[in-house]
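Scroll down for the structure; my scribbles are underneath it.
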Amino acid sequence: QRRPRAFSGIQPTAGSFHLGNYLGAIRQYVALQETHDAFYSVVDLHAVTVPQDPAELRANSRLAAAQLLAAGLDPERCTLFVQSHVPEHAQLAWLMNCITGFGEASRMTQFKDKSARHGADQATVGLFTYPMLMVADILLYDADAVPVGEDQRQHLELTRNLAERFNSRFGATFKVPEPHILKEVAKIYDLQDPSVKMSKSASTPKGLVNLLDEPKATAKKFKSAVTDTDTEIRFDAEAKPGVSNLLTIYSTLTGAGIPELEQKYAGKGYGALKTDLAEVMVEFVTPFRERTQAYLDDPETLDSILAKGAEKARTVASETLAQAYDRVGF
Ligand code: ADP
Ligand code: NA
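Each residue of the sequence shown is one higher than the one before, starting from 10 at the first, in UniProt numbering.
In structure tokens, the structure reads:
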């Protein structure tokens with residue numbers, strides 16, 4: 010019996026993934042490879058919807074793959090590949106573009122947000138059609154599970170709509186994926202401003218925990234994390250966002266329950282929590298950095314993993330694409 014399929018894509022970013030990426034996404038990828046036939050893609054086609062330097066993009070894609078492997082993706086148990094190595098993504102995206110209404114695409118809120126950020130007249134047509142590429146990413150693999158956060162709900166809805174539309178127009182072709190929003194997933198906030206999500210673009214350097222930073226610098230960031238003027242260590246996202254964020258990080262990294270942590274630190278000050286969490290982080294990032302570096306120092310191994318991943322992905326993707334192309338009359 011076939012294991013359920015999972016697909017997820019993550020964009021290559023400059024430098025390093027951050028703690029929010031790890032706890033909010035990559036950790037789930039690692040867990041899903043145990044239960045699912047999982048396909049994970051470094052989505053460089055998505056990355057070029059905004060300007061990229063070619064040499065940097067290539068380096069960032071390899072760095073992303075190295076970090077995913079360092080985080081625990083096992084090429085024997087999942088399929089890890091770079092999106093541009095599998096041309097079927099762009100090929101199916103074209104069909105998706107051709108069954109999407111212009112008005113329908115215009116209602117995608119992420120495009121509105123992103124184009125506003127880059128300046129409306131700077132936005133590319135690629136950025137506009139990004140959701141249809143994402144739809145193709147998912148449909149190529151008959152994915153049952155698409156581990157994404159709440160912010161991707163609209164894109165998953167579009168995936169269902171386009172799959173159903175294609176199927177009713179051309180005959181049953183695509184699996185219609187169930188929305189599989191990860192509700193339990195930790196959302197990590199900025200260490201200096203716990204009212205905003207930790208993010209590459211919005212966080213200040215002190216509030217952003219990059220996984221590849223010097224462990225000592227990371228420990229320092231935790232020791233100077235913003236909390237509140239109270240002293241009680243208690244989870245309360247509304248009243249105590251800073252402390253709650255630290256508890257979430259601590260709990261997610263160690264597996265200790267929040268009530269357990271509240272008890273452990275009852276009567277102790279914020280300093281004790283921060284010092285211990287800093288140590289937990291150092292223990293996590295030290296081997297993570299070493300493993301990432303080991304992959305970067307051995308480009309042959311890394312390239313061979315990615316080549317095998319692309320080959321495995323193409324086996325599945327080419328079959329789906331061939332069927333879809335046949336259905337539309339190509
Ligand atoms: P960023 O917001 O830093 O640009 P991305 O949007 O590229 O990061 O996110 C990549 C993945 O990491 C997505 O699955 C996203 O939901 C997750 N993610 C990003 N930031 C956080 C965060 N602060 N907390 C939890 N998950 C996050
Ligand atoms: Na983002």
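All C-beta atoms in this analysis are idealised placements derived from N, C-alpha and C, irrespective of residue type, glycine included.
Compare the Cα-Cα distances from Gly338 to each of Phe179, Lys229, Ala228 and report the closest residue. If you compare the alpha carbons of Phe179, Lys229, Ala228 with that of Gly338, the shortest gap goes to Phe179.
Worksheet item: How would you label Ala211, buried or exposed, when you count the other beta carbons within 10 angstroms and need 16 or more for buried?
Response: Answer is exposed; the Cβ neighbour count stays below 16.
key: Neighbourhood of Arg169 by C-beta distance below 6 Å, restricted to the same chain and skipping five residues each side   = Contacts found: Val185.
Any non-hydrogen atom of the ligand ADP closer than 7 Å to Gln20 Cβ:
Distance from the C-beta of Gln20 to the nearest heavy atom of the ligand ADP is below 7 Å.
Heavy atom of the ligand ADP within 7 Å of Asp62 beta-carbon:
No, the Cβ of Asp62 stays beyond 7 Å of every heavy atom of the ligand ADP.
| said: Using a Cβ distance threshold of 8 Å, determine whether the segment 316-331 contacts the segment 84-91, with at least three qualifying pairs required. | reply: Touching, yes, given that three or more Cβ pairs across the two stretches are closer than 8 Å.
With burial defined as no fewer than 16 other Cβ atoms inside 10 Å of the residue's Cβ, what is the status of Thr213: buried or exposed?
-> Exposed, since its Cβ has fewer than 16 Cβ neighbours within 10 Å.
> Gly278 and Thr240: beta carbons closer than 8 Å?
Replying inline: In contact: Gly278 and Thr240 (Cβ atoms closer than 8 Å).
#### Entry: Lys206 beta carbon near the ligand GTP (any heavy atom closer than 7 Å)
The ligand GTP is not among the ligands present in this structure, which contains only the ligand ADP and the ligand NA.
Does at least one heavy atom of the ligand ADP sit under 7 Å from the Cβ of Asn254?
Answer for Asn254: no, Cβ out of range of the ligand ADP.
key: Residues of its chain near Val205, where Cβ-Cβ distance is below 7 Å and the 5 sequence neighbours each way are ignored   = Around Val205: Tyr198, Asp199, Ala211.
Legend entry - Separation of Val194 from Glu113, as counted between CA atoms: Rounded to the nearest angstrom, the two C-alpha atoms are 29 Å apart.
Q) When every heavy atom of the ligand ADP is checked, does at least one fall within less than 7 Å of the C-beta of Ile242? A) No, Cβ of Ile242 sits at least 7 Å from all heavy atoms of the ligand ADP.
*Whole beta strand (DSSP E) elements within the segment 197-250, 3-residue minimum*: Fully enclosed beta strand (DSSP E) runs of 3 or longer: not present.
Subject >> Separation of Ile242 from Lys249, as counted between CA atoms >> reply: Going from the Cα of Lys249 to the Cα of Ile242 covers about 9 Å.
Starting from Arg278, follow the beta strand (DSSP E) in both directions and report where the run begins and ends.
Correcting the residue identity first, residue 278 is Gly in this sequence and not Arg. Careful: Gly278 lies outside any beta strand (DSSP E) and carries neither H nor E.
* Take Thr295 as the anchor and find which of Ser260, Asn106, Val235, Ala226 has the nearest alpha-carbon. => Out of Ser260, Asn106, Val235, Ala226, Ala226 has the C-alpha closest to the C-alpha of Thr295.
| request: May I ask you to report which of helix, strand or coil DSSP gives Val91? | output: In this structure, DSSP gives Val91 an extended state, which the three-state scheme calls strand.
*Give a single yes or no on whether Ile197 has its beta carbon closer than 7 Å to a heavy atom of the ligand ADP.*
Correct: Ile197 has its Cβ closer than 7 Å to the ligand ADP.
- Task: Grab me the residues of Asp237's own chain with a C-beta within less than 7 Å of its C-beta, minus the 5 sequence neighbours each way, in chain order.
- Result: So the qualifying residues of the chain are Lys249, Gly251, Val252.
Taking 7 Å as the cut-off, is the C-beta of Gly158 nearer than that to any heavy atom in the ligand ADP?
Yes - the ligand ADP has a heavy atom lying nearer than 7 Å to the Cβ of Gly158.
With a threshold of 6 Å on Cβ separation, who are the neighbours of Leu32 within its own chain once the five nearest residues in sequence on each side are excluded? Around Leu32: Ala195, Ile197, Thr261.
Same chain, Cβ closer than 7 Å to Thr133, five either side skipped, listed in chain order: Taking C-beta separations shorter than 7 Å and ignoring five residues to either side along the sequence, the partners of Thr133 in its chain run Thr58, following chain order.
### Query
Closest to Asp151 by CA distance: which of Ala172, Ser177, Leu220, Gln42 is it?
The residue with the shortest Cα to Cα distance from Asp151 is Ala172.
Item to check | Any non-hydrogen atom of the ligand ADP within 7 Å of Ser210 CB | outcome: A heavy atom of the ligand ADP is found nearer than 7 Å to the CB of Ser210.
Query raised in the report: Is the beta carbon of Asp146 less than 8 Å from the beta carbon of His98?
Result: Going by beta carbons, Asp146 and His98 fall inside the 8 Å limit.
Measure the Cβ-Cβ separation of Thr301 and Gln76 and say whether it is below 8 Å. Contact flag set, yes.
To which residues of the same chain is Val39 closer than 7 Å at the C-beta, ignoring the five residues directly before and after it?
Result list for Val39: Ala80, Gly81, Leu82, in chain order.
With DSSP collapsed to three states, give me the class of Ala152. In the three-state reduction of the DSSP assignment, Ala152 falls in the coil class.
Fill in: Straight-line Cα distance separating Ser124 from Ala23
Near 20 Å, if we compare the C-alpha coordinates of Ser124 and Ala23.
Problem - In DSSP terms, what Pro48 is bridged to - result: Rather than Pro, the amino acid found at residue 48 in this sequence is Phe. In the DSSP assignment, the residues bridged to Phe48 are Phe16, Thr88.
Practice prompt. With distances taken Cα to Cα, identify the nearest neighbour of Leu54 among Leu66, Asp46, Ala47.
Written response: Minimum Cα distance to Leu54 is reached at Leu66.
- Quick one: is the Cβ of His98 within less than 7 Å of any heavy atom of the ligand ADP? Incorrect: His98 has no Cβ contact closer than 7 Å to the ligand ADP.
Beta-carbon proximity list for Ser50, same chain, < 6 Å, skipping 5 on both sides: Closer than 6 Å at the Cβ level, and outside the excluded window around Ser50, lie Gly18, Phe90, Gln92.
**Request:** Determine, using beta carbons only, whether Asp306 and Ser25 come nearer to each other than 8 Å.
**Result:** Contact check for Asp306 against Ser25 fails: the beta carbons are separated by 8 Å or more.
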